[in-house]
Structures are given as C-alpha cells and as structure tokens.
Amino acid sequence: MNRKRENPQAVKAGLLSVLVHGILLAILVFSFDWKTVQPANVAQVELWDSLPAPQVKPQLKPELKPEPPKPEPKPEPPKPEPKPEPPKPEPKPEPKAEIQVKKEPVKEKPPEKKVEKPKPKPPEKKVEKKPEPPKPEPEKLNKQKLEELQKMLAAEEMKVQDQPKSAAPAVNAAEAAANAAEVDKYVSLISRKIRQNVNRQLCGTGKPELELEISLMPTGEVIGTPKLLKGSGLSACDESVERAILQSQPLPVPPQADLFARFRDLRLKFRPNDN
Amino acid sequence: MKKHLLMSVMLAAMLAACSSKPVKTTSAPEVEDKSMGTESAAAPTDEGSASTAGVAGSDMSGNPLTDPNSILSKRSIYFDFDKDDIKPEFRALIEAHAKYLASHSNAKVTLQGNTDDAGTREYNLALGQRRAVAVKNALNVLGVQDSQIETVSYGEEKAKSCAGDIKCGELDRRVDIIYAGE
Amino acid sequence: MMNLRIFLPLAFLLLPLTSRAALTIEIVGGAAQQIPIAIVPFAQPANPQALGQQQAISDVIAADLRRSGLFRVLETRGIANQPHDVSEVRYPEWASLQAQALTIGKVENLPGNQLKVSFRLLDVLRQNQLTGLEYTIAPAQLRLTAHRIADVIYEKLTGEPGVFSTRITYVTKAGKRYSLQVADADGFNPQSVVASNEPIISPSWSPDGTRLAYVSFERKKPVVYVQSLVSGKRYVLANYKGNNSAPSWAPDGNKLALVLTHDRNSQLYIINADGTGLRPLSQSSRIDTEPFWSADGQWIYFTSDRGGSPQIYRISPSGGDAQRVTYEGSYNVSPRISPDGKSMAFISRGQGGFRVALQDLTTGQVQILSDGPQDESPSFAPNGRLILYATTVRGKGTLAAVSADGRVKQRLSETTGNVREPAWGPAVK
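Protein chains in written order, with our numbering: chain A, 8 to 282; chain B, 272 to 453; chain C, 0 to 428.
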C-alpha cells in the first residue's frame, strides 16, 4: 500500500504518515474498549487511557454501589459525596448519578470530550469505567462490553439493593443477615395464616400439588385474584385453595418498603394432603 | 292288684318326672286302687337320660309330642358359641324324634335354626341354617327321609339382646323342632 | 437518537437483571375442616299460607349442609344485611364474618297455587355468582326443593354430587311389630312400606329406586319379596324349600343374586327379577351368603366360611373360581362395594367388637371406620362419601353414618323402637 517510488522524501513522509496513522489507530483501538454501543463514534468515546485501568479495576466494584468514579483510584473522598445520589434500586438513576459524579473527575481530564459525552450518554460512562484490555475487533468488543455491562449492572444492583447506604462490606453483611431473617419470619407468618384456611377435605385422597401466583399491596391485600399456575386436577380443590388465600387477607407483610418489595409478587406452593 | 301296681307306677313316674335325675321306682306306696283303664304305651325307657324318666307319657290327649312327660315334647337342641356340632346330651332327644318320625311317615318337621345376636343378620341366618342342617343330618342317619324335614333358619331374629355376652346368648344358640300342624 | 440507540438495548438488558425470581412460599397441609357458608333466610311469599306448616327452606338447606360435615353454616340471624337479591349483598360484611360463600333466595307465589323458588350461590371473596337456579313447584314439594338446592350448593363447592334429595330404607321394631320404612335421607317423612308381626330383614333398592327387595318371615320362614314403591304392590320372588334371603340387585335391574338353602348350607343363586330363570352361582359344602353385585356388573362379592372362618370372596356373575378378598382378622362379612368400585365397606369382628371397616380394593389396605361394638349392615351413599350403618346405643338399635375417610360421624335417631337394616337409595334423576 505504501508508494514510495517516486520521491525519497515521499518515503519519509509516507513513514511518518504511517507512524501517525499507527498511533492514531492504536488510540482508536484502545478507545473502542469503552465504546461498546457506538462503534461509529470511536473517536468521541475515547475518554480513558488504558493505563490506569488495571489499578482502577479492584476499586470499581465496591465503588459501583455508591459511585463509579473510575478513572482515578485515588479520588475516593470525592466519591462518598456523590454516593447518596446513585444508591437507588433502579439502574437508570445510577448512570445519571455516575454521570454527575464523573463529571468532576472527568473534568480533570481533557474536558472537551468527556464533559460532552457523559451527559448525553450515561451508559457510555459506565462503559468507560470498565477497565478492559483492548480488543482487536470492535464487534467482539461491543459484545464483551455488553456482557461486562450486564455484570456490572447486576453487581451494582445487588449491592445497592442489599446495602443501600452502607459502604463497608462488613456492615452490609450484617444487614443482609437481619433482612433475611425478617423475610423468613414473614414467609413463615404468611404460610401459617394461609394454612389455617386450607381445606384438605376437598382435595381427594392423593398427594396433589398446587402452585399459585399472587400480587400484594403493602397493606397485605391481594390484588385481583390468585393466578393458578399448576392445578391439583380437582377443580374443587383448586377453588378451595384460592378461597383460602383470599380469606387470609390481609396477609402479614413487612412494613419496610425494601423488604416488602420482595413480597409484592409471591409464588405459593401447596401440598394440602401432606403433613 | 293290677290297678294298685299301675297307680303306684304312675305315682312313681310322676315323682320321677319332677326330679332332675332318674329316680328308681320304689315299691308301690299305699294308694287308692283305681283302675285307669289305660295301657301304658310301649315307649322305650331310655337309660341315663338327663332330664326325663323315659316313661312313655300317657296323658289325656294321647299325643306324645305334647306330653310333658315325653322326651318328644322337648324340642330344642342347644349349641356352643360359633359351633354347630351336636353335644352328647342331646343325642337321646334326637333319637327319640327320629324314631317318632320313622314310625309316623306322615309327620313332618321343620328344623328351625337360631343363633345369638352377635354378628350380622344374614350371616347368622346362615349359621342357624348350618345348625339345622346338622340336626337334619343326624336324623337322616337314623333313617328319617328329607321329605319329612324342612330346615329353615331364623338367625338371630328371636335372640335376646346380649351385646356380645357369650353366656347371655346360650339359650339362643339352638335348633327348634317344630312339627307340622302345630 | 444516539441515546436511545444506546439506551434502549441496554434497558432490555437491564430488565431481566432487575426482576429476580418471585419469592416462593410453601404451604403444607391444611387446618380447615369445613367450608364456611352463610345462608340468608329466603324471602317469603306474599301469601305465606301457601307454604303450609313447613320448615323454612333455608333451615332445611342449612341442616343438610351441616349434616354433611363439610360445611360450617354461619349464624345469620341478627345480621342487619339480609339480602334477597344480588344488588342487596354487601360483600365486605359477609367477608368480615369469615364466610366464603353466601346463599340468598326467594319464595314467591305463582297463580294456580304454585310457588317459584329461586336462589343464588355467591362467592364472598371474589364477589361473584357461582350459580343460581329457579324452580316452579307445588307447595308440597318445598322440602324436596330445599334438598335439591342443598345438592347444588354441595356439588358446586365440593365437586361431588350431593345426596340430600335421596331416600333411605330401614326396619323398625316396636314391641312385636316390624315395619319396613322409606324416609328422606335426613330421616324426615318416613312411610311404612310393609308391616308384620314377624321379622323383616335385608332390604335392597333396585338401581332405579322404584322397587325394594326384602326378606320377610311372615310365612314362618325367610321368603324374598319384591315390592313396587310406586304402586305398593308386591310379589314373591323366591320361596323355595328352606331359606330364601340376601337379595342383591344387578346394576341393570333385571336380575338379582340371592341365597337359598334347599336343606343344605346357604348357597348363592341368580334369578330374574320376575322370579324365573333360577340358576346356581357357586356351589360349596360350606356357607356362601351375602352376595353384593358391584356397580360395574363385573363381580359378585360374598361372604363364605370355606376357608374355615367367615371371609369375603368375589366371583364373576357367570361363575368360575372365587377369589379371596379379605385377609386380615378372623371374621369379615357383609361386603358392600363403593359406587366407584374402588373400595369395599364391610363388617369386621375384632378387639372392639363388630365394626364397619373399609378396604381399598387396589392396595388391600384396611381402615376401621366405626366404633362398634355391634355395628352391622353398612350401605354406601350414592356419592360414595358416606356409609350408613346400624349400631346400638344404650341397648337400642340406631342408625349412624361415617364418612369414607373416617373424619365425619353422624347419628340419625329414630325416636320410637329399634332401628336396623338400613340401605341407602340411589341418586334421584
């Protein structure tokens, strides 16, 4: 592809051109690592250097919960500040918060590109935060980025939901245990209350199993009627179990909104003729 | 003399009939000599019979079947709980009736089987029947034809209420011999 | 635009991540024994004289449902809201009383001295109607209509047919007088079919419910009669030498199995319903008795002591070898097969005396259902759920019933005399 025949200086020019192109290409390649969604905007996406990535990686996960200011591992103090904003169960606010937070560290870097991009493209920011080794093909990069993004979001979500405001892993574990105990307690209360109303005389002599789905209001009332997922084969038994559920209203549910969220949709499994 | 003998024999027989054991006739007591004018029937005297003196009845009507002195007036054979085999003490009774039937070919009997009240009615009907059949078989052996015998069963229908008490129902476990025309 | 292109696909990625599996709660067993139902007294007609002196229809329905053991009938007197139309129903009030179902209804006059009876069965929790029916009847049929309504309610909520509008037969003995009676399933309105100074036993319903076969001793021996419940006329089905007893109808109503003796032990025979065509079914030198024809017509179950003690066997109606059915205990008699053919009620003698037992004909498992000590004559209700039988209470014969699972026990009392030999009539079509 190189044409250096005519002019010796053309060779140099050509080499220089190649060199510059190569550098640009390298930069482009690296920038693609964070650019999973918009392969066309390779140049625009490039916000982070690949070099600080390895250092930032370990910090990324814990930071993801409250805040994902990745580019600089050190500026953690500024991170706690923005933490209150992002810790929401929904993924959407997080990117926004991240965007907001990131603006600060972003500004420390070449501002032109970063500032503009974070705002309109929250997912990009998350993408940017991910420290990933550059990969040859943009398509593959995109897919891998997507997967990584999913994992990150999952990790963030889990952490945000479990420990909304706690940054320290030790405190999160204790809260998780307490919440699990509360959930178990209400599971047991609901099971016992419904069981009181289940009439096994209408369920024949076999060992039928039933599964129903219900949705609850925070008051413990059932929304609509139970949905039968798996019947016993005896309609009188199915109907009697549905009546038992409805008669057990209001079902005991935890008052804490975040715990109640786990009880909003319930799957109930019945074995009325077992002991 | 003959009358005296007769009277004393009759008196002795009456005394014997009242007792539960065979009583030997003693020498004739002093009785008024009256001629009864009846002949003593040629009824067999059984040896060692449990409840009668074995002297042929000579009542006014002349029917040995209803003469309380006659073994033939005894009509019930009793059985043990759940059993249909005939106990030895009733052998004589059966033989007496067999002989009567054999010598009176026009006589017909119904053997009516009964049980106590323990158990279901239809099964007890069958059990009572089995007892009646046992008595019939005994009569057959002694020469009585089936044409003179019908076996039926009342099961527990005549039994008194015993609520499972085995001793209570001992009089219910029986076969009754009923002659036609009675 | 760019934002959407990035964001939407990612949003779809996010959705499955945020919806975790629904919390699953397991409920094992159940404590409720009965369906709580409220029955509001029906609206009375403008001319109540037309009803005569009959018990209120809602009371009859309530008594039926209560007696089944599957319903808890809630007290409705004293409740302000006494609806007769759906529009008058205030569901939350009934729900607060813990009712799951509600029955409302009306009795109205019609010209020509007729009545219109209408009712609705409502689901209190889902606030909708489960069923509603109307009947046009003569006043004399009011009680029967109440039983029919109870049947509908029972079937709608339990899935089984109700038996409240069926009849039962039994024998009473007062002093020396025996009487074969037919009454409603709740014991109401008994009618004497035949009376005698001699015993009557073993009544058996024809499959269509129009005839009774029975054994009478009025000829000083057991003789089988067949009597029409419609005309009251009867004829002698069998009067052979010896015993004639234990009649059992074939499911087609054209033949009966019965027991004859002919101066031998009791043996099984089959005879046409008109008394012709007698033929032996099985022959043994032992006792064979108490035949019972299964509802599918495939087997005749019977009692026999051919094995040394009374046990239950079965044989094909066309003859052949008999198969033994009972193996536990030394005295098992009176076989009665359930309408669905899956189980057998019978009388078993054991430590507790004579008691009603139930054997699963597939597994052979036996369960003792009654308390004894002198229980006999078991008879299935046509829906197979209840077993009627004769028992003795304080020396007096009484009728009782127990559910096939042993959970529900009832005693039906007859005030005068001893009652025995019950048989439950077929479902009324």
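All C-beta atoms in this analysis are idealised placements derived from N, C-alpha and C, irrespective of residue type, glycine included.
Please read all numbers here as calculations on a predicted model, not as lab measurements.
Any idea which residues DSSP pairs residue i with across the strands?
i                     : result
residue 375 (chain C) : C:389
residue 287 (chain C) : C:303
residue 25 (chain C)  : A:276
residue 396 (chain C) : C:391
residue 176 (chain C) : C:173
residue 109 (chain C) : C:113
residue 266 (chain C) : C:259
residue 31 (chain C)  : A:206
residue 332 (chain C) : C:346
residue 357 (chain C) : C:344 and C:366
The alpha helix (DSSP H) that contains residue i, what's its start and end?
i                     : result
residue 232 (chain A) : From DSSP, residue 232 (chain A) is part of no alpha helix (DSSP H); its letter is neither H nor E.
residue 64 (chain C)  : 56-66
residue 95 (chain C)  : 90-95
residue 275 (chain C) : That residue, residue 275 (chain C), is in no alpha helix (DSSP H); it is neither H nor E in DSSP.
residue 374 (chain B) : 362-374
residue 312 (chain C) : From DSSP, residue 312 (chain C) is part of no alpha helix (DSSP H) but of the beta strand (DSSP E) over 310-314.
residue 400 (chain B) : 392-412
residue 151 (chain C) : 141-157
Classify residue i: buried if its beta carbon has 16 or more other beta carbons within 10 angstroms, exposed otherwise.
i                     : result
residue 264 (chain C) : buried
residue 204 (chain A) : buried
residue 275 (chain C) : exposed
residue 275 (chain A) : buried
residue 377 (chain B) : exposed
residue 312 (chain C) : buried
residue 440 (chain B) : buried
residue 188 (chain A) : exposed
residue 51 (chain C)  : exposed
residue 327 (chain C) : exposed
residue 124 (chain C) : buried
residue 30 (chain A)  : exposed
residue 61 (chain A)  : Residue placement at residue 61 (chain A) is poorly supported in this model, since its pLDDT is 43, which falls under 50; the coordinates are not used for a value here.
residue 327 (chain B) : Reliability fails at residue 327 (chain B), whose pLDDT of 45 lies under 50, so the model's placement of it is uncertain and the value that follows must be treated cautiously. Counting Cβ neighbours within 10 Å, residue 327 (chain B) comes out buried, since at least 16 surround it.
residue 452 (chain B) : exposed
residue 437 (chain B) : exposed
residue 263 (chain A) : exposed
residue 390 (chain B) : buried
residue 134 (chain A) : Only weak support is given to the placement of residue 134 (chain A): the predicted model assigns it a pLDDT of 39, under 50, and the question is left unresolved by the model.
residue 181 (chain A) : exposed
Return the residue from the list the options that minimises the CA-CA distance to residue i.
i                     : options                       : result
residue 195 (chain C) : C:209, C:172 and C:183        : C:172
residue 419 (chain C) : C:398, C:403 and C:427        : C:398
residue 242 (chain A) : C:226, C:91 and C:158         : C:158
residue 239 (chain C) : C:34, C:277, C:272 and C:206  : C:277
residue 348 (chain B) : B:340, B:357 and B:341        : B:357
residue 100 (chain C) : C:243, C:110, C:88 and C:111  : C:88
residue 279 (chain A) : A:209, A:235 and A:20         : A:209
residue 408 (chain C) : C:386, C:107 and C:394        : C:386
residue 284 (chain C) : C:331, C:161, C:305 and C:334 : C:305
residue 207 (chain C) : C:91, C:393, C:381 and C:392  : C:381
residue 36 (chain C)  : C:317, C:72 and C:323         : C:72
residue 25 (chain C)  : A:252, A:22, A:35 and A:263   : A:252
residue 186 (chain C) : C:428, C:145, C:411 and C:84  : C:411
residue 174 (chain C) : B:443, B:429 and B:447        : B:429
residue 147 (chain C) : C:76, C:64 and C:203          : C:64
What residue range does the beta strand (DSSP E) around residue i cover?
i                     : result
residue 173 (chain C) : 166-173
residue 422 (chain C) : 417-423
residue 37 (chain C)  : 34-38
residue 408 (chain C) : 408-411
residue 246 (chain C) : 243-248
residue 344 (chain C) : 342-349
residue 420 (chain B) : 420-426
residue 326 (chain C) : Counting along the chain, residue 326 (chain C) falls outside any beta strand (DSSP E), and DSSP gives it neither H nor E.
residue 453 (chain B) : Per DSSP, residue 453 (chain B) belongs to no beta strand (DSSP E) and is neither H nor E.
Within 8 Å of any Cβ in chain F, is that where the Cβ of residue i sits?
i                    : result
residue 23 (chain C) : The chain inventory of the structure shown lacks chain F, comprising the protein chains A, B and C.
### Query
What are the start and end residues of each continuous beta strand (DSSP E) run of 3 or more residues lying completely inside the stretch 191-269 of chain A, in chain order?
217-222 and 234-237
### Task
Would you mind listing the beta strand (DSSP E) stretches within the stretch 193-218 of chain C that are 3+ residues and don't spill past its ends, in chain order?
199-204 and 210-215
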